[in-house]
Amino acid sequence: MLAQQRQQAILEKVRGSGGVRVADLVRELGVSDMTIRRDLEVLAERGLVKKVHGGATAAGPGSTEEPGFAAKSARQQPEKEAIARHAARLVQPGTAIALSAGTTTWTLAHFLTEVPDLTVITNSIRIADVFHRSPGGDRTVVLTGGVRTPSDALVGPVAVTAIRGLHVDTLFLGVHGMSTRAGFTTPNLLEAETNRALVASAHRLVVLADHTKWDTVGISTIAELSEAHVLVTDSGLPTEAREELAAAVGELIITEPQQESEALSR
Numbered sequence: 001m002l003a004q005q006r007q008q009a010i011l012e013k014v015r016g017s018g019g020v021r022v023a024d025l026v027r028e029l030g031v032s033d034m035t036i037r038r039d040l041e042v043l044a045e046r047g048l049v050k051k052v053h054g055g056a057t058a059a060g061p062g063s064t065e066e067p068g069f070a071a072k073s074a075r076q077q078p079e080k081e082a083i084a085r086h087a088a089r090l091v092q093p094g095t096a097i098a099l100s101a102g103t104t105t106w107t108l109a110h111f112l113t114e115v116p117d118l119t120v121i122t123n124s125i126r127i128a129d130v131f132h133r134s135p136g137g138d139r140t141v142v143l144t145g146g147v148r149t150p151s152d153a154l155v156g157p158v159a160v161t162a163i164r165g166l167h168v169d170t171l172f173l174g175v176h177g178m179s180t181r182a183g184f185t186t187p188n189l190l191e192a193e194t195n196r197a198l199v200a201s202a203h204r205l206v207v208l209a210d211h212t213k214w215d216t217v218g219i220s221t222i223a224e225l226s227e228a229h230v231l232v233t234d235s236g237l238p239t240e241a242r243e244e245l246a247a248a249v250g251e252l253i254i255t256e257p258q259q260e261s262e263a264l265s266r
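Residue numbers for the sequence shown follow UniProt numbering, so the first one is 1 and each next one is one higher.
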């Protein structure tokens, strides 16, 4: 295979899955580690991929670019479902929880409809609608007001004022990106302020973030990595990132999307 053909194959894999690992490419393409790293360097110089520890991800948008809900919900669906399924196990009946806006937290909401006697605080119209449409009346859902963002979050002063007077047992926070330097981030300044209010309201912070969020940085920091009591992610996370995150957060939980899918089929 010529270098150009190999690089095109790598690019297609990145675009299809959101990221690739050097070790996987070495095995699949039958070339050396150094050859793959040179290919990634070429693609990165052309702005087609972003090099990260142990591999590469799709070239990310600017720090203020925010995809819509529909676009985000189509990405990394098996990973998000595995993360959400595990996060649901952290919720006990009779507790008060908060769910920030986002497609992973929206996925979590579907699993929580079976948990009785919940009080749910959210700034997501989509998440509130999940509970509204599910049977059963033994839950209380509080939807904050606010200005609607492209990702269907309600943000701004109205949302912040509503949240500041509340206290919840656990906040499940979805994020745009996470990195050692910037912490957990969002591309929306008003959403960052609203999410910081949610963090302040919670006794425990559980962050839900698939592996593609690693080394993605939005314009505003919601919380430092060390503020997360639990981070639930998936096995696509590179080894180096696992080590850095395990040292920073209270507990790092790695889910296996394939295993979760197999469990569903049994």
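Here a beta-carbon is modelled for each residue, glycine too, at the ideal position from N, C-alpha and C. None of the values given here were measured: they were computed from a predicted structure.
The beta carbons of residue 40 and residue 58 sit no closer together than 7 angstroms.
Contact between residue 119 and residue 140 holds: their C-beta atoms lie close to 5 angstroms from each other, under 8 angstroms.
Comparing alpha-carbon positions, the option among 194, 7, 52, 208 lying closest to residue 90 turns out to be 208.
Looking at the DSSP output, residue 129 bridges to nothing. In the structure shown, residue 86 adopts helical secondary structure according to DSSP, grouped into three states. With a cut-off of 8 angstroms on Cβ pairs, the stretch 28-45 is not in contact with the stretch 236-247, counting fewer than three such pairs. In this structure, DSSP gives residue 34 a helical state, which the three-state scheme calls helix.
Between residue 243 and the set 219, 257, 179, the nearest pair of CA atoms involves 179. Apart from sequence neighbours up to five positions away, the residues of its chain that approach residue 224 with a beta-carbon distance below 7 angstroms are 183, ordered along the chain. Proximity to residue 152 across 127, 30, 245 peaks at 127, based on C-alpha coordinates.
In the three-state DSSP reduction, residue 47 falls in the coil class, being neither helix nor strand.
DSSP places residue 108 inside the alpha helix (DSSP H), whose first and last residues are 103-112.
Each residue's CA atom was taken as its position, placing residue 33 and residue 26 some 6 angstroms apart.
Comparing alpha carbon positions, the residue from 13, 96, 7, 18 closest to residue 215 is 18. Excluding the 5 residues flanking it on each side, residue 107 has same chain C-beta neighbours closer than 7 angstroms at 80, 81, 84, in chain order.
Only residues of its own chain outside the window of five on either side were considered, and among them 59 have a CB closer than 7 angstroms to the CB of residue 47, listed in chain order. Taking C-beta atoms under 8 angstroms as the contact rule, residue 205 and residue 171 qualify, at a distance of about 5 angstroms. With a cutoff of 7 angstroms on beta-carbon distance, residue 234 and residue 203 are scored as not near each other. Residue range 157-164 is occupied by the alpha helix (DSSP H) that includes residue 162. Positions of the beta strand (DSSP E) runs, each at least 3 residues long and wholly inside the stretch 151-221, are given as 168-174, 177-179, 183-186, 202-208 in order along the chain. Spatial neighbours of residue 145 in its own chain (CB-CB distance under 7 angstroms, excluding positions within 5 residues in sequence) are listed in chain order as 154, 158, 159, 162. When the five nearest sequence neighbours on each side are left out, the beta carbons in the same chain lying within less than 8 angstroms of the beta carbon of residue 116 are those of 93, 94, 136, 138, 139, in order along the chain. Excluding sequence positions up to five before and after residue 20, its CB lies within less than 7 angstroms of the CB of 10, 13, 14, 55, 56, all in the same chain and listed in chain order. Considering only 174, 193, 257, 221, the residue with the shortest C-alpha distance to residue 103 is 174. Within the DSSP secondary-structure output, residue 15 pairs in no beta bridge.
Between residue 201 and residue 167, the C-beta gap is smaller than 7 angstroms, which places the two residues in contact. Between residue 100 and residue 252 the beta-carbon gap is near 20 angstroms, outside 8 angstroms, which marks them as no contact.
Taking a 10 Å sphere around the C-beta of residue 109, we find 16 or more other C-beta atoms and assign the residue as buried.
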